[in-house]
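Numbering (our numbering), first residue to last: 6 to 307. Inspection log for the structure reproduced underneath, given as structure tokens.
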Ligand SMILES: O=C(O)CCC(=O)C(=O)O
């Protein structure tokens, strides 16, 4: 696929690649010292979690794979990680795809280790309701199930399709190579309005990218992590973002450790969902700028 996106440092090119192909690769977004410090922290944490029998698999996307490793909920596991969600390139690209009030939905490391299983191609916004004609029956959105989606070919649809409502800006913390499990994607599949069928071969491209790059795909693009046939781990960090009306994949307001919550900047608190959006996310008083924890909320009054 000769015109598939290649790493670029040109923001206009990056946005054009996202619009045309559903993904792009932005090189040099994270400086080498920060990238190296995050790599060391993630690998140290990963080793300790394996020793400590922490659950490190992700059954939603890799049910068969006990080799690959997810280090979940990174803000609890080192302040250094927060540099990634404050990064101006990440924010500019994500806001280009989703708009200004996008919130962080997931923030975890995905380490593909040698001898892993192959992750199946998927889209991230599998839960999106399909456009329909007036009066047509519809799938009840609260009945949606990941394993039972509308599949088809990765070609441009000739009917209305949903817009992107999530966007994954994955940070290459090590180089992403053909050998070590670089994310593979199907260019143009974001315009198909369909999910990839299981166990089917499609024309994929591999997001080869030097460490410090962002591999960004929007919620409709077919993608997956790949086989690591090398000898060293591939480390990627998902900064995964969503429209502010969607439930976040990680429940930051509940799951952040108290000392981390206390240390967040206002920008970080807003990004993680502590700021109501058009009153969604309010914890007590409608119109309050920030959600309050239950211990500070009004209780039963007499
Ligand atoms: O780790 C990767 O390369 C892809 C991860 C992925 O598919 C996902 O987070 O949905």
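No residue lacks a Cβ here, since even glycine has one placed at the ideal position from N, Cα and C.
List the residues that DSSP assigns as beta-bridge partners of residue i.
{"i": "residue 175", "result": "220 and 243"}
{"i": "residue 233", "result": "For residue 233, which the question treats as bridged, DSSP gives no partner whatsoever."}
{"i": "residue 116", "result": "74 and 240"}
{"i": "residue 31", "result": "13 and 219"}
{"i": "residue 228", "result": "127 and 190"}
{"i": "residue 282", "result": "285"}
{"i": "residue 211", "result": "189"}
{"i": "residue 108", "result": "247"}
{"i": "residue 291", "result": "Residue 291 pairs with nothing; no bridge assigned."}
{"i": "residue 92", "result": "For residue 92, which the question treats as bridged, DSSP gives no partner whatsoever."}
{"i": "residue 200", "result": "156"}
Straight-line CA distance for residue i to residue j?
{"i": "residue 288", "j": "residue 257", "result": "14 Å"}
{"i": "residue 156", "j": "residue 199", "result": "5 Å"}
{"i": "residue 41", "j": "residue 20", "result": "27 Å"}
{"i": "residue 142", "j": "residue 154", "result": "16 Å"}
{"i": "residue 201", "j": "residue 182", "result": "23 Å"}
{"i": "residue 165", "j": "residue 139", "result": "13 Å"}
{"i": "residue 58", "j": "residue 145", "result": "38 Å"}
{"i": "residue 74", "j": "residue 292", "result": "41 Å"}
{"i": "residue 264", "j": "residue 302", "result": "20 Å"}
{"i": "residue 219", "j": "residue 106", "result": "20 Å"}
{"i": "residue 93", "j": "residue 306", "result": "45 Å"}
{"i": "residue 67", "j": "residue 246", "result": "20 Å"}
{"i": "residue 225", "j": "residue 177", "result": "21 Å"}
{"i": "residue 33", "j": "residue 296", "result": "36 Å"}
{"i": "residue 83", "j": "residue 244", "result": "15 Å"}
{"i": "residue 98", "j": "residue 18", "result": "11 Å"}
{"i": "residue 161", "j": "residue 197", "result": "5 Å"}
{"i": "residue 55", "j": "residue 64", "result": "16 Å"}
{"i": "residue 277", "j": "residue 86", "result": "14 Å"}
{"i": "residue 103", "j": "residue 300", "result": "33 Å"}
{"i": "residue 253", "j": "residue 111", "result": "7 Å"}
Sort the options by Cα distance to residue i and report the nearest one.
{"i": "residue 204", "options": "44, 38 and 124", "result": "124"}
{"i": "residue 259", "options": "99, 78, 51 and 48", "result": "78"}
{"i": "residue 195", "options": "11, 24, 249 and 10", "result": "24"}
{"i": "residue 114", "options": "91, 120, 97 and 81", "result": "81"}
{"i": "residue 261", "options": "251, 274 and 250", "result": "274"}
{"i": "residue 9", "options": "93, 16, 17 and 22", "result": "22"}
{"i": "residue 118", "options": "253, 167 and 72", "result": "72"}
{"i": "residue 5", "options": "132, 242, 136 and 208", "result": "Here the chain comprises residues numbered 6 to 307, so residue 5 is not present and cannot be evaluated."}
{"i": "residue 137", "options": "91, 167 and 116", "result": "167"}
{"i": "residue 11", "options": "87, 300, 185 and 210", "result": "210"}
{"i": "residue 290", "options": "277, 278 and 304", "result": "304"}
{"i": "residue 228", "options": "88, 129, 294 and 147", "result": "129"}
{"i": "residue 31", "options": "43, 16, 39 and 37", "result": "16"}
When every heavy atom of ligand 2 is checked, does at least one fall within less than 7 Å of the C-beta of residue i?
{"i": "residue 195", "result": "Among the ligands modelled here, namely ligand 1, ligand 2 does not occur."}
Discussion item. When you compare the region 204 to 219 with the region 269 to 284, are there three or more beta-carbon pairs, one atom per stretch, that lie closer than 8 Å?
Written reply: Counting Cβ pairs under 8 Å, fewer than three are found: no touch.
Worksheet entry | Sufficient close CB pairs (3 or more, under 8 Å) joining the region 46 to 60 to the region 235 to 247 | Output reads yes: the region 235 to 247 touches the region 46 to 60.
Worksheet entry | Secondary structure, alpha helix (DSSP H): runs of 4+ residues fully inside the region 36 to 89 | Secondary structure in the region 36 to 89: the alpha helix (DSSP H) runs of 4 residues or longer, each lying completely within the stretch, are 37 to 56 in chain order.
Practice prompt. Pick out the complete alpha helix (DSSP H) segments inside the region 245 to 279, 4 residues or longer, and give them in chain order.
Written response: As far as the region 245 to 279 is concerned, its whole alpha helix (DSSP H) runs of at least 4 residues are 257 to 260, 263 to 268 and 271 to 276.
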